[in-house]
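Residues in the first sequence are numbered consecutively from 3, following the numbering used here.
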Amino acid sequence: MRRPPTAVFLKNMIDLLLKLINDAATAYAGPGIQVPMPGIVVPPNENQGDFSTGIAFNLAPLIKKPPHEIAAGIAKNIEGKTADMIAGIDVVKPGYINLFMQQAFWHDALASVVEKGTDYGKGDAGKGQKVLMEYISANPTGPIHVGHGRGAVIGDVLARILSAQGYNVTREYYINDAGNQVLSLGYSVLNEYYKSRKIDIPVSRQGEYQGAYIHDISDALESAFSPADINEEHIQRITEFSVNRILDEIKEVLGNFDVGFDHWFSEKQLYQDGSVSRVIGELEKRHAVKQEDGATWFLSTLYGDEKDRVLKKQSGELTYFASDIAYHENKYTRGYDLLINIWGADHHGYLPRVKAAMSALGYDAGRLAVMFVQMVRLTRGDKPVAMSKRAGEYVTLKELVDEAGSDAVRFFFLQRSHESQLVFDIELAKKQSQENPVYYVQYAHARIVSIFSFAQTKGWHTDVLKQNRNYAFSGQEKRLLSQCLLYPGLVKEIAGRREPHRLTHYLVDLVGILHKYYTDTRVVDSDADTEQRLLLMKTVKIVLKNALDLLGIHAPEKM
RNA sequence: GCGCCCGUAGCUCAGUGGAUAGAGCGUCGGACUACGAAUCCGCAGGCCGGGGGUUCAAAUCCCCCCGGGCGCACCA
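Structure, rendered in structure tokens:
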């Protein structure tokens with residue numbers, strides 16, 4: 003058997019196949035026709051081939067011929083040129099081109115995956131573009147809840163995927179540590195402190211936050227303040243103390259959830275360094291501001307928003323919108339090619355004004371992309387769980403992760419499109435924890451590890467497995483390999499379209515094929531082909547491990 | 001009223017122009033004296049909310065309607 007040159011090994015076999023189809027289609031279409039990149043799928047039935055492309059459908063409107071005729075023409079161009087890669091071509095019904103691959107193709111494919119190892123699935127589609135991803139950014143006025151958790155996982159996984167595809171990603175959490183909300187937190191804590199100690203001192207303001215965590219913070223006050231200093235005169239320091247306590251807890255919860263950040267960006271800093279007033283001044287200079295009813299307005303209607311928005315209230319206070327403008331302006335000045343925000347769907351009405359402000363300041367609002375994550379509705383059984391942050395009655399992310407485990411919660415959130423609402427039944431999540439799909443996937447990884455340790459006890463040298471290129475892969479084995487071969491293209495597509503949930507579905511599909519194969523086939527046997535089957539298992543394991551890493555889910559050696 | 005999202009199997013959801021529409025859970029019935037049964041196999045379950053349209057081809061695109069969620073602050 004002829005061994006392909008090293009360069010071929012380093013190349014993804016699917017990419018080679020796509021190029022081959024593309025070349026054949028280009029030759030068929032003739033000059034002046036821009037042939038789109040062909041898509042490739044594994045057809046539903048084995049007798050329909052190993053791979054299938056619908057390129058003829060895409061070409062039909064361009065060259066105005068029936069798909070079937072085009073498919074036949076392209077197939078003819080493929081034939082003959084590729085004896086070492088393609089064993090047979092079928093042109094079927096509406097216009098599919100079905101491809102049957104040579105055994106050599108499968109051996110090359112397997113070798114290329116094994117050689118890439120942990121790099122398999124990585125790519126350079128991002129071309130080093132700088133991306134800032136902002137997600138969660140929950141107010142530090144209370145523990146983060148499951149809705150934040152959903153955004154956290156989606157942001158975290160997308161960041162991992164973009165990084166793997168050659169984007170230069172920075173992850174950021176914007177802390178709303180200025181303004182009315184956090185001050186209210188401070189007052190809540192102070193009032194609670196007096197109340198729990200039965201101290202009767204009037205406070206000028208009630209806080210709006212309740213719950214055990216307020217009590218906990220109030221209890222902790224004495225660790226940082228002498229009792230004589232715990233009063234309204236020091237409300238700023240008490241507020242700061244409270245915010246820091248909550249931020250510490252948020253960081254701890256996120257740490258246990260494997261969600262990380264490069265930067266924690268403080269809103270307060272934007273006030274302290276003058277950014278907020280500067281940016282308002284800049285808008286004034288650009289004639290995008292008016293004074294009316296004693297307030298200062300940004301003329302966002304000039305830039306497509308439904309109505310103008312207040313920057314400074316009658317009271318003289320600045321709105322959160324004002325600091326949000328400063329924050330986003332700051333992002334632009336840091337030189338990112340792309341800004342991705344992950345917001346709760348209840349904020350969708352907020353986007354036009356932010357984009358309007360960026361346009362008004364002369365920035366390209368098109369570089370700001372917001373993914374709106376739909377609501378999570380919690381139930382216990384069929385009873386809805388009341389979610390009221392102010393009343394302090396809601397299920398926290400910490401509780402959920404403690405109950406179901408980080409891996410399961412992440413996987414669960416990643417099975418749904420971020421654009422779909424989801425009902426999270428806590429009872430069900432607990433009850434079904436053993437049958438959760440995440441275990442299905444993780445079990446496959448543990449199973450392969452187990453196969454390898456068994457093979458070693460049988461005397462196989464699993465670290466120096468040698469390919470036998472005369473080995474003929476079975477139909478099931480080719481299915482397993484072809485699924486593995488689709489992986490890099492999938493990761494690339496997920497990065498481009500920002501659809502992280504597709505990765506979990508891919509894994510469930512892959513693992514389904516694996517488990518069935520395992521049931522039907524004895525991997526470790528006494529025959530020489532054991533080595534080839536072990537190589538196949540190694541291939542699958544590489545894909546599983548790499549994909550689980552992108553999901554931030556543990557790939558266990560045993561369960 | 002206007003805007004965004006959703007409506008697919010009993011439930012929770014994938015599939016967004018192409019081959020007989022899929023998975024998990026739930027029901028029922030099978031498979032362990034050899035590599036992990038957290039697995040596998042089988043049965044049942046769908047006018048893809050409804051109606052028009054575009055197309056060789058529609059769950060997918062367009063229009064209208066119905067139903068649900070979320071927004072529409074000098075709150076965030």
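Don't be surprised by glycine CBs; every beta carbon is placed ideally from N, CA and C.
Contacts around residue i, its chain only, beta-carbon distance under 6 Å, and the 5 residues preceding and following it disregarded
i: LEU509; result: VAL443, ALA549
i: ALA501; result: The sequence shown places Glu at residue 501, not Ala. So the list is empty, once near-sequence residues are dropped.
i: ALA27; result: VAL37, ILE57, ILE76
i: GLU336; result: The residue you asked about is not Glu; residue 336 is Arg in the sequence shown. Excluding positions up to five away in sequence, the list is empty.
i: VAL545; result: CYS486, TYR489
i: ASP307; result: PRO354, ARG355, ALA358
i: MET3; result: Because the pLDDT of MET3 is 35, which lies under 50, any placement of that residue in the model is unreliable, and the number read from its coordinates should be weighed accordingly. Once the five neighbours on either side are set aside, the close Cβ partners of MET3 are ARG471.
i: SER190; result: GLY209, TYR211, ILE216
i: VAL261; result: ALA154, ASP158
CB of residue i within 9 Å of CB of residue j, strictly
i: LEU272; j: ARG412; result: no
i: ASN343; j: TYR137; result: yes
i: VAL281; j: ILE327; result: yes
i: TYR329; j: GLU269; result: yes
i: ARG162; j: ASP409; result: no
i: GLY97; j: HIS70; result: yes
i: GLN534; j: GLN458; result: no
i: GLY181; j: TYR352; result: no
i: VAL493; j: LEU505; result: yes
i: LYS432; j: VAL255; result: no
i: LEU192; j: THR143; result: no
i: TYR396; j: TYR365; result: no
i: HIS503; j: ARG418; result: yes
Cutoff 8 Å; reference residue i; Cβ partners in own chain excluding five residues on either side
i: MET539; result: ILE450, ILE453, PHE454, VAL525
i: ASN170; result: GLY128, GLY130, GLN131, LYS132, VAL133
i: TRP299; result: VAL291, LYS292, GLN293, ASP310, ARG311, VAL312, LEU313
i: LYS21; result: none
i: ALA74; result: VAL93
i: SER422; result: GLN376
i: PHE227; result: HIS236, ARG239, ILE240, PHE243
i: THR8; result: For THR8, the predicted structure reports a pLDDT of 40, less than 50, and the residue's modelled location is therefore unreliable. A value from the coordinates is still provided. Excluding sequence neighbours, THR8 sits near nothing in its chain.
Among the options, nearest to residue i - alpha-carbon criterion
i: LYS124; options: ILE515, LEU487, ILE240, THR523; result: LEU487
i: ALA358; options: VAL291, GLY41, GLU210; result: VAL291
i: LEU19; options: SER476, HIS350, VAL43; result: VAL43
i: LEU382; options: GLY168, GLU284, LEU430, THR532; result: The sequence given here places Arg at residue 382; Leu does not occur at that position. Nearest of GLY168, GLU284, LEU430, THR532 to ARG382, Cα basis: LEU430.
i: GLU48; options: TYR195, GLU479, THR532; result: GLU479
i: GLY498; options: LEU340, MET377, GLY407; result: LEU340
i: MET15; options: ARG207, ASP202, ALA111; result: ALA111
i: GLY168; options: GLU495, HIS503, LYS518; result: GLU495
i: PHE53; options: ALA29, ASN60, LEU61, ASP17; result: ASP17
i: LEU304; options: LYS287, HIS350, SER361, GLY368; result: SER361
i: ASP577; options: GLY461, VAL542, GLU81; result: Residue 577 lies beyond the stretch modelled for the chain, which goes from 3 to 561, so this question has no answer here.
i: PHE259; options: LEU537, GLY407, MET135, TRP266; result: GLY407
i: ASP295; options: ALA113, GLN316, ASP275; result: GLN316
7 Å Cβ shell around residue i - same chain, five flanking residues per side excluded
i: TYR558; result: The amino acid at residue 558 is misidentified as Tyr; the sequence shows Pro. These residues qualify, in order along the chain: GLN444, HIS447, ALA448.
i: ARG5; result: Confidence is the limiting factor: at ARG5 the pLDDT is only 40, short of 50, which leaves the residue's position unreliable, though a coordinate-based value still follows. Closer than 7 Å at the Cβ level, and outside the excluded window around ARG5, lies no residue.
i: GLU284; result: LEU363
i: VAL425; result: ARG379, THR381
i: LEU320; result: VAL278, LEU313, LYS314
i: VAL159; result: LEU416, PRO502, LEU552, LEU553, GLY554
i: TYR338; result: LYS132, VAL133, LEU134
task: Pick out the complete beta strand (DSSP E) segments inside the segment 169 to 223, 3 residues or longer, and give them in chain order.
output: 170 to 177
task: Let me know the beta strand (DSSP E) ranges lying completely inside the segment 67 to 103, each 3 residues or longer, listed in chain order.
output: 88 to 94, 98 to 103
message: If contact is defined by three or more beta carbon pairs under 8 Å, each pair taking one atom from either stretch, is the segment 138 to 153 in contact with the segment 102 to 112?
response: no
The segment 194 to 211 in contact with the segment 159 to 178 per 3-pair CB rule at 8 Å: no
- request: List in chain order: all unbroken beta strand (DSSP E) runs of 3+ residues lying wholly within the segment 323 to 385.
  value: 340 to 346, 370 to 375, 378 to 382
message: Check whether the segment 459 to 466 and the segment 424 to 441 are in contact - that is, three or more C-beta pairs closer than 8 Å.
response: no
- request: Tell me the start and end of each unbroken alpha helix (DSSP H) in the segment 439 to 495 that is at least 4 residues and wholly inside, in chain order.
  value: 439 to 459, 477 to 487
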